[in-house]
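2 protein chains.
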Amino acid sequence: MDLLLLSNSTSDEGYLVHARQAIESLADGRTHALFVPYAGVTRDWDGYAAQVREALAPAGIAVASLHEQADPQAAVAAATLIVVGGGNTFRLLQVLRQQGLLAPIAARVRSGAARYIGWSAGSNLAAPTIRTTNDMPVVDPGGFDALGLVPFQINPHYYNVEIEGFRGETRDQRLAEFTTLSPDTPVLGLPEGDWVRVSGNAFALHGPHAARWFLGERRWDVTAGPLALPA
Amino acid sequence: MDLLLLSNSTSDEGYLVHARQAIESLADGRTHALFVPYAGVTRDWDGYAAQVREALAPAGIAVASLHEQADPQAAVAAATLIVVGGGNTFRLLQVLRQQGLLAPIAARVRSGAARYIGWSAGSNLAAPTIRTTNDMPVVDPGGFDALGLVPFQINPHYYNVEIEGFRGETRDQRLAEFTTLSPDTPVLGLPEGDWVRVSGNAFALHGPHAARWFLGERRWDVTAGPLALPA
Chain A
160 MDLLLLSNST SDEGYLVHAR QAIESLADGR THALFVPYAG VTRDWDGYAA QVREALAPAG
220 IAVASLHEQA DPQAAVAAAT LIVVGGGNTF RLLQVLRQQG LLAPIAARVR SGAARYIGWS
280 AGSNLAAPTI RTTNDMPVVD PGGFDALGLV PFQINPHYYN VEIEGFRGET RDQRLAEFTT
340 LSPDTPVLGL PEGDWVRVSG NAFALHGPHA ARWFLGERRW DVTAGPLALP A
Chain B
160 MDLLLLSNST SDEGYLVHAR QAIESLADGR THALFVPYAG VTRDWDGYAA QVREALAPAG
220 IAVASLHEQA DPQAAVAAAT LIVVGGGNTF RLLQVLRQQG LLAPIAARVR SGAARYIGWS
280 AGSNLAAPTI RTTNDMPVVD PGGFDALGLV PFQINPHYYN VEIEGFRGET RDQRLAEFTT
340 LSPDTPVLGL PEGDWVRVSG NAFALHGPHA ARWFLGERRW DVTAGPLALP A
């Protein structure tokens, strides 16, 4: 099982540019990707697919979008590289559940038949549930269970800043709510520009910033390199 | 039907101090409140109730907490002032749903038998759904429908700031996702320090900051005074 789970897609260098080498390495010669645009809400799926198509062309990867497929089940069953874009995690999960594609995608990636690239909502989707997304619950996804491809929760766009005059919760306070109610489930706070590479049961953190593990009342930072899961 | 829907509880003046006169006016001589502490996750409900008890004492209001009641249904059925505190909206909705208290609370407030004060998650709860909460979905509430006491969505702690280096969505972008998928449902972005007073079918905005309506692709700001609902 091979996954690339990115915190985010954009940087000053351009769309997906910061991760291009990691994407090429994950693709490992695969020349066709099936893109899942369903997290896109305020952007139309045609335009979203076009942007990803353009971004992956330099890596020699041709992109077909799931929303263009006459038979989505067959498209998933044939995919060797599944790319899940960011946007709204609730909307992504809702559409995939409505189309009956969650179990087929999970099975195909778990078997090794397809590799998986996700960013933002696409990384949330790879976790057991979407309960550590930052997104607004703009639609009811019919349950929070997701693909469960990794044994920990991911919080993309991780940062912990207090904003002057803002009386709402900081990110760490939000994640502490999760770990209070689910003390045995680890959460990885993945900062902008970072990603996790999954190869079977091995995990590695890449990128410029330290990531943070949250487990029960424990918090600790980890830097790029092999990523040990919390015991 | 009388409601006081606050964006937030805390200010430099102290806990609930900014809204004390509004609370006294809403209470209108009622001397006993039933407090709902279930949005509290990282704070224990005893401590939360104690804080609210202390904050409402100067207004001459004695506070009983729902979590201390042997018969929660009977407590709701007898309440004349229901106070719903902030915290995590998903947790608040989950516990009230599990206890079968959503419909009884809504009916009691709608009939005028009880008045309602909410802040943050407690204001989200008064809306038709919790789909414009800022909170993390740390638990599955079993559906997003809420009390539906007002005919619009509320986004508490409203602000729209871009954070340097943060590639996630701004608040306005998040709310645009909601209005894209639910173009006929108005959302009121309620800044820190503001509140809405509901008296029957009349609405008024109070507080120092302009609030913002979101409806479909339309956006407009409103200042303190009578609050016209979007047509």
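Residue numbers (the numbering used here), protein chains in the order written: chain A, 160 to 390; chain B, 160 to 390. The C-beta atom is built at its ideal place from N, Cα and C for all residues, glycine as well. Values in this document were obtained by computation on a predicted structure and should not be read as measured data.
query                                                                                                                                                                    : result
L388/B CB to nearest chain A CB: under 7 angstroms?                                                                                                                      : no
If you compare alpha carbons, which of V243/A, E172/A, D331/A and V176/A is closest to A192/A?                                                                           : V243/A
Using a cut-off of 7 angstroms between C-beta atoms, extract the partners of I276/A located in chain B.                                                                  : Those do not exist, as I276/A stays about 17 angstroms from chain B at its closest Cβ, beyond 7 angstroms.
So which residues of chain A does D299/B contact, with C-beta pairs closer than 9 angstroms?                                                                             : T288, R290, G302, F303 and D304
Under 7 angstroms between beta-carbons, which chain B residues line up against A285/A? List them in chain order, please.                                                 : Here the premise fails: no neighbours, minimum Cβ distance about 17 angstroms.
For V357/B and D230/B, which I take to be in contact (beta-carbon distance under 8 angstroms), what is that distance rounded to the nearest angstrom?                    : Not a contact, Cβ separation roughly 29 angstroms.
Can you tell me whether S282/B is buried or exposed? The criterion is at least 16 other CB atoms within 10 Å of its CB, across all chains shown.                         : buried
What's the C-alpha gap between L164/A and T169/B?                                                                                                                        : 38 angstroms
Step through the CB atoms of chain B and report whether any lies within less than 7 angstroms of the CB of E376/A.                                                       : no
For A369/A, name the three-state secondary structure that DSSP assigns.                                                                                                  : coil
Using alpha carbons as the reference points, say which of V195/A, R212/A and P296/A lies closest to L340/B.                                                              : P296/A
With DSSP collapsed to three states, give me the class of S184/B.                                                                                                        : helix
Here's a check: name, in chain order, each residue in its chain whose Cβ is nearer than 6 angstroms to the Cβ of S224/A, leaving out the five neighbours to either side. : F194, P196 and A208
Please classify R250/A as buried or exposed, where buried requires at least 16 other C-beta atoms within 10 Å of its C-beta.                                             : buried
By DSSP, does Q312/A sit in helix, in strand, or in coil?                                                                                                                : strand
How about T288/B and A305/B: do their beta carbons lie closer than 7 angstroms?                                                                                          : yes
If you reduce the DSSP assignment to three classes, tell me which class A387/B lands in.                                                                                 : coil
Identify the continuous beta strand (DSSP E) that holds P217/B and give its terminal residues.                                                                           : Note, P217/B: premise wrong, no beta strand (DSSP E); not H, not E.
At a CB-CB cut-off below 7 angstroms, which residues of chain A make contact with E336/B?                                                                                : V200, T201, N247, M295 and V297
Once the 5 residues before and after T190/A are set aside, which same chain residues still bring their CB inside 8 angstroms of it?                                      : G219, I220 and A221
What in chain B is Cβ-close to L340/A, meaning under 9 angstroms?                                                                                                        : V200, N247, R250, V297 and V298
Three or more beta-carbon pairs under 8 angstroms between the region 348 to 364 of chain A and the region 258 to 276 of chain B, yes or no?                              : no
Would R333/B count as contacting chain A if we go by Cβ distances under 7 angstroms?                                                                                     : yes
Given 6 angstroms as the limit, tell me if R269/B has its C-beta closer than that to any heavy atom belonging to the ligand GTP.                                         : Of ligands this structure carries none, so the ligand GTP is not represented either.
Going straight from the alpha carbon of A266/A to that of P310/A, what length do you get?                                                                                : 15 angstroms
Please determine, among W372/B, H177/B and N293/B, the residue with the shortest C-alpha to C-alpha distance to T329/B.                                                  : N293/B
What is the rounded straight-line gap between the Cα of F373/A and the Cα of R378/B?                                                                                     : 38 angstroms
Since L374/A sits in a beta bridge, which residues does DSSP pair it with?                                                                                               : R377/A
P231/A lies in the beta strand (DSSP E); which residues open and close that run?                                                                                         : Premise fails: P231/A lies in the alpha helix (DSSP H), P231 to A237, not in any beta strand (DSSP E).
Using beta-carbon positions only, say whether T291/A and N314/A come within less than 7 angstroms of one another.                                                        : yes
For N247/B, count neighbouring Cβ atoms within 10 angstroms of its own Cβ and tell me buried if that reaches 16, exposed if not.                                         : buried
Counting only the same chain and skipping the five closest in sequence on each side, list residues whose C-beta sits under 6 angstroms from that of G307/A.              : P287
Given that a residue counts as buried once 16 or more other Cβ atoms are within 10 Å of its Cβ, and exposed if not, what is G173/A?                                      : exposed
Quick test of your reading: A370/B and G348/B, contact by CB under 8 angstroms. State the CB separation rounded to the nearest angstrom.                                 : 6 angstroms
Please state the DSSP three-state secondary structure of S282/A.                                                                                                         : helix
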